[in-house]
Structures are given as C-alpha cells and as structure tokens.
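Student: Numbered according to the working numbering, the sequence shown spans residues 33 to 304.
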Amino acid sequence: MGNLRYLPTRIAISIVANNFMTMVQEAFEADAALKEVQAQYPRIEGLLELRIDTLKDPNPDVKGLLDACPERKIIVTPRYDAEASAQGMTEKFGFIGNLNQREQIYKVALSHRKVAHVDIERSTLHYHRGFFEDFLPHTWEKVTPIISYHDFRQTPNAHDIFELADEIDSFGVVVFGRGNHIVKIATLAKSIEDISAINWLKHYRYKGKGIIGVGFGSEESKLTRFNSPSSRFYLTFAGLDGRPAVVGQPTVSELVGVWKERGYLNNMNGAE
33 MGNLRYLPTR IAISIVANNF MTMVQEAFEA DAALKEVQAQ YPRIEGLLEL RIDTLKDPNP
93 DVKGLLDACP ERKIIVTPRY DAEASAQGMT EKFGFIGNLN QREQIYKVAL SHRKVAHVDI
153 ERSTLHYHRG FFEDFLPHTW EKVTPIISYH DFRQTPNAHD IFELADEIDS FGVVVFGRGN
213 HIVKIATLAK SIEDISAINW LKHYRYKGKG IIGVGFGSEE SKLTRFNSPS SRFYLTFAGL
273 DGRPAVVGQP TVSELVGVWK ERGYLNNMNG AE
C-alpha cells in the first residue's frame, strides 16, 4: 500500500460510566490499553473521551475528575439525552443538568491542562454561543472544539453530508473565529451506501479542515472507524473490551488489528 506513515492514526477511547470512581478506574484501564498499543506503534496518538453525559450528576466534579485521570490528552463530552441517546446506542444516557451547569463543565474543561478538546453538539451550540464567544482567542489555541452532528435515523447521501459539513464549519467560524475547530458527523449507518457516504467526507480535508466521520448502529458501521486513516479523519473512537459507548464501536485491539492487516501501520513502530 506504499508509505502510509503520515496517515492520521489517533484513537480516542470513550469512557462511559455512571459515577466518578468508575469513570476514573476505566480511564486508567483505557490508558493502559493505549500504552500497550503505543509500545508497539509509538506514532499512534491516544486520547481519552470522558463522557460526562453518562454521569448521573447535574453538578459533577469535573476538575476533580480531570485531576484524577491519567496524564493524557482528554476530550470532554457533556451531551443532553436528545443529543446522546437513540437507536444504535448501547443504553440511554445524557447530561441531566441545565444549560448553566453545562457551561460550568465547559468552563472548567477549557482551563484544564489535560483537556485538548471539548465536544459541542451543533444543534445546541447556539444556546452557548455568547458563552463561547467571551473566551479569549488564546483559549482556542490550547483547546480545539469538536462540533458534533448526530443523525440517529439515517446517513445523508454523499452530496448532502458534504453540504452539512460545510454548514457546521461555517457556523463554527462565526462562534470560534479563524476556523479553529473540528467538524464531526456521526450517523446511523447500516448499508454499504451509508459507509461510502461517510467515507466521502475524506474529501473535506482538501479544505484544510479537521474532519471526523463515524457510523454507528450496526456491525457494518465499524468500517467507518477501520477506514479512518485512509479517510484521513482527524481521529476515530474505540471502546474498552465489552464496554462500547455505541453499537458499532470496536475495541482498541480490534481497531489496531484491522489497521495492521491493512498496512496502515507500516513504518509506525518508530523505524525509518
């Protein structure tokens, strides 16, 4: 397959837990899994996604949680139930606090040294627009927002999904300025046509924008995560063994195994 060492190979392990201690424990399990992978492939970058929306607490101690987690880049995700739970999810969950409480989560996350990204749903970003616009530009040099769009019913066709990415990106420029954000589109994917439409987002990189495309809801949707390096998506998501956040989310070992078979990890072990 040629020299593929410059393909993006970032993996974020989603941590799903309903209480503080379990989330910390699973964060360390995920960190250990990533270290095992990185021992063989040092150029793979590993992140933790803390699904704050799975905690059954409207006022979670986010600073304490981040302090207690391993020394690794973190994505903080606090979606409401309408943004986080529907067909294809392993269970129903969502942040149970109000808008002000969610903004407090973002405020803590944006000032914490471990946080590399905050995940913000496009459908409710306008509610927080003023909040985010008040942050000084240097905040967005340290933390990169991921603007997410979820479709729990279907995957748009290739033309529509590309236009959707454009709309999300344009609104991100208005809110965050300078285009310093990543667009993520996650859709219910059950057919090869759905997989192909999501993979079409790979052409978005020619705009110089970070893009993430993921499918969920079926065994077939794993292909969008297996294809992530060749699609040049910014990153993809994996789960701990037996604890996926969504149907169609592979484990880290499964994901890396497929990448290895496909040759995506050639020259990724540190050798020139």
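All residues carry an ideal CB built from backbone N, CA and C; glycine is no exception.
Just so we're clear, the structure is a prediction, and the values are computed from it rather than from any experiment.
Between which two residues does the beta strand (DSSP E) containing K216 stretch?
Tutor: What you label residue 216 is simply residue 184 of the sequence shown in a count that begins at 1. Here the beta strand (DSSP E) through K216 covers 214-220.
Student: Would you list, in sequence order, the uninterrupted alpha helix (DSSP H) runs of no fewer than 4 residues that lie entirely inside the stretch 33-116?
Tutor: Qualifying alpha helix (DSSP H) stretches, in chain order: 52-72, 94-100, 113-116.
Student: Using only alpha-carbon positions, find the residue among Q281, F265, N259, G274 that is nearest to K292.
Tutor: The residue you call residue 292 lines up with position 260 of the sequence shown. Closest option to K292, Cα to Cα, is N259.
Student: Comparing alpha-carbon positions, which option in V278, E61, T219, T176 lies nearest Y266?
Tutor: On the sequence shown, residue 266 is found 234 positions in, with the first residue counted as 1. Looking at the Cα atoms, T176 is the closest of the given residues.
Student: Expressed to the nearest angstrom, what Euclidean distance is found between the alpha-carbon atoms of I193 and I217?
Tutor: Taking the sequence shown and counting its residues from 1, one reaches residue 193 at position 161. Taking the sequence shown and counting its residues from 1, one reaches residue 217 at position 185. Rounded to whole angstroms, I193 to I217 spans 8 Å at the Cα level.
Student: Thinking C-alpha only, which one of D99, I214, P261, V278 is nearest I76?
Tutor: Mapped onto the sequence shown, residue 76 falls at position 44. I76 has its Cα closest to that of P261, out of D99, I214, P261, V278.
Student: Can you grab the Cα-Cα spacing for the pair N189 / T268, in whole Å?
Tutor: The sequence position of residue 189 within the sequence shown is 157, counting from 1. The sequence position of residue 268 within the sequence shown is 236, counting from 1. For N189 and T268, the distance between alpha carbons rounds to 21 Å.
Student: Return yes when the Cβ of V94 is within less than 9 Å of the Cβ of I43, no when it is not.
Tutor: Here residue 43 refers to the residue found at position 11 when the sequence shown is read from its first residue. Here residue 94 refers to the residue found at position 62 when the sequence shown is read from its first residue. No, these two residues do not count as a Cβ contact at 9 Å.
Student: Counting C-beta neighbours from all protein chains within 10 Å, is the total for H170 16 or more, i.e. buried, or is it exposed?
Tutor: Translated into the one-based positions of the sequence shown, residue 170 becomes position 138. Exposed is the call here.
Student: Would you check if the distance between the CB atom of L297 and the CB atom of V284 is smaller than 9 Å?
Tutor: Translated into the one-based positions of the sequence shown, residue 297 becomes position 265. Translated into the one-based positions of the sequence shown, residue 284 becomes position 252. Not a contact, by the Cβ cut-off of 9 Å.
Student: For K222, is the classification buried or exposed, using 16 other Cβ atoms within 10 angstroms of its Cβ as the cut-off for buried?
Tutor: Within the sequence shown, residue 222 is the residue found at index 190, counting from 1. Buried.
Student: Buried or exposed: which applies to K254, given that a residue is buried once 16 or more other Cβ atoms fall within 10 Å of its Cβ?
Tutor: Working through the sequence shown from its first residue, we reach residue 254 at position 222. K254 should be labelled buried.
Student: Tell me which residue opens and which closes the alpha helix (DSSP H) that S202 is part of.
Tutor: Reading the sequence shown from its first residue, position 170 is the one you call residue 202. Note, S202: alpha helix (DSSP H), 190-208.
Student: What residue range does the alpha helix (DSSP H) around Y181 cover?
Tutor: Here the question's residue 181 lines up with position 149 in the sequence shown. Taken as a continuous stretch (DSSP letters only), Y181 belongs to no alpha helix (DSSP H), being part of the beta strand (DSSP E) at 176-183.
Student: Got a sec, what are the start and stop residues for the alpha helix (DSSP H) D151 sits in?
Tutor: Along the sequence shown, one-based indexing puts residue 151 at 119. Segment 147-153 is the beta strand (DSSP E) holding D151; no alpha helix (DSSP H) there.
Student: What separation, rounded to the nearest whole angstrom, lies between the Cα atoms of N132 and G295?
Tutor: Looking up residue 132 in the sequence shown gives position 100. Looking up residue 295 in the sequence shown gives position 263. About 47 Å.
Student: Starting from the Cα of I214, find the closest Cα among L220, L66, R237 and give me that residue.
Tutor: Stepping through the sequence shown from its first residue, residue 214 is reached at position 182. The residue with the shortest Cα to Cα distance from I214 is R237.
Student: Indicate the three-state DSSP secondary structure (helix, strand or coil) for T268 in the structure shown.
Tutor: For this step, residue 268 is matched to residue 236 along the sequence shown. The answer is strand: DSSP assigns T268 an E or B state.
Student: Bridge partners for R275 per DSSP, in chain order?
Tutor: Residue numbering aside, residue 275 sits at position 243 when the sequence shown is read from its first letter. DSSP lists L272 as partners of R275.
Student: Give the secondary structure of I243 by DSSP, where H, G and I count as helix, E and B as strand, and everything else as coil.
Tutor: Here residue 243 corresponds to residue number 211 of the sequence shown, with the count starting at 1. I243 falls in the strand class under three-state DSSP.
Student: Thinking C-beta only, is L142 closer than 9 Å to F184?
Tutor: For the purposes of this step, residue 184 is identified with residue 152 of the sequence shown, where counting begins at 1. For the purposes of this step, residue 142 is identified with residue 110 of the sequence shown, where counting begins at 1. No, these two residues do not count as a Cβ contact at 9 Å.
Student: Using CA atoms only, rank isn't needed, just tell me which of A277, D99, S180, I152 is closest to F60.
Tutor: Position 28 of the sequence shown, counted from the first residue, corresponds to residue 60. Measuring from the Cα of F60, the nearest candidate turns out to be D99.
Student: Mind checking Y159: buried by the 16 CB within 10 Å criterion, or exposed?
Tutor: Within the sequence shown, numbered from 1, the residue matching residue 159 stands at position 127. With fewer than 16 Cβ atoms within 10 Å of its Cβ, Y159 is classed as exposed.
Student: If you drop the 5 nearest sequence neighbours on each side, which residues of the same chain put their C-beta closer than 6 Å to that of I128?
Tutor: As a working mapping, residue 128 is identified with position 96 in the sequence shown. So the qualifying residues of the chain are P90.
Student: Among all the DSSP beta bridges, which residues are the ones paired with T156?
Tutor: Here residue 156 corresponds to residue number 124 of the sequence shown, with the count starting at 1. Paired residues: none, contrary to the question.
Student: At a cut-off of 8 Å, would you count H170 as near the ligand FMN, judging by its Cβ distance to the nearest heavy atom?
Tutor: Among the components of this structure there are no ligands whatsoever, and the ligand FMN is therefore not found.
Student: Looking at the secondary structure, which residues open and close the alpha helix (DSSP H) in which Y138 lies?
Tutor: As a position in the sequence shown, residue 138 is number 106, starting the count at 1. Its alpha helix (DSSP H) spans residues 131-142.
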